[in-house]
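Here is the structure we will look at.
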Amino acid sequence: MPKEGKTRSGKATAAAKPKKDPNAPKRNLSAYMIFSQDKRAEVKEENPDVSFGELGKLLGAKWKSVTPEEKKIYEDKAAADKTRYEKEKAAYQDGESKKKAAKADEDDEDDEE
Numbered sequence: 042m043p044k045e046g047k048t049r050s051g052k053a054t055a056a057a058k059p060k061k062d063p064n065a066p067k068r069n070l071s072a073y074m075i076f077s078q079d080k081r082a083e084v085k086e087e088n089p090d091v092s093f094g095e096l097g098k099l100l101g102a103k104w105k106s107v108t109p110e111e112k113k114i115y116e117d118k119a120a121a122d123k124t125r126y127e128k129e130k131a132a133y134q135d136g137e138s139k140k141k142a143a144k145a146d147e148d149d150e151d152d153e154e
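Structure below.
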């Protein structure tokens with residue numbers, strides 16, 4: 042892992058990214074991602090020899106040809122997933138702030154002794 046600062050050549054190095062909490066809620070999916078999850082197996086069955094990248098291109102082309110009525114179904118699912126994510130995120134952040142407050146209280150008690 043590169044250290045923050047400069048190398049011998051004088052170029053700046055990248056700072057380390059903080060690790061993601063495994064308990065954090067999963068991000069919401071877009072309408073396109075929900076569509077791809079639904080249709081991936083179907084497209085893969087129709088085209089068994091295509092690579093992963095080609096499969097993505099086929100899904101993208103299929104998404105472009107979807108009718109607005111069909112897209113509305115996926116957009117509604119995406120909106121519901123966004124609501125789920127926002128609720129889980131709020132609950133997660135509330136729990137995190139309580140943990141930090143509890144830890145701060147413990148530190149204060151340790152300082153008094």
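Going by our numbering, the letters in the sequence shown line up with residues 42 to 154, in that order. No residue lacks a Cβ here, since even glycine has one placed at the ideal position from N, Cα and C. All figures in this text were calculated on a predicted structure; none of them were measured in a lab.
Contact under 8 angstroms by Cβ, residue i with residue j
i: Leu96; j: Val84; result: yes
i: Pro66; j: Glu129; result: yes
i: Leu99; j: Val91; result: yes
Supposed contact pair residue j and residue i - C-beta distance, whole angstroms, cut 8 angstroms
i: Lys103; j: Lys80; result: 6 angstroms
Residue environment, residue i, which counts as buried when at least 16 other CB atoms sit within 10 Å
i: Ala72; result: buried
i: Phe76; result: buried
Option nearest residue i by Cα separation, candidates the options
i: Arg126; options: Arg68, Lys98, Thr108; result: Residue identity check: residue 126 is Tyr in the sequence provided, not Arg. It is Arg68.
i: Gln78; options: Pro63, Tyr133, Glu87, Tyr115; result: Tyr115
i: Glu137; options: Lys58, Asp62, Ala56; result: Asp62
i: Met74; options: Asp135, Ala119, Gln134; result: Ala119
i: Asn64; options: Lys139, Tyr133, Lys144, Lys113; result: Tyr133
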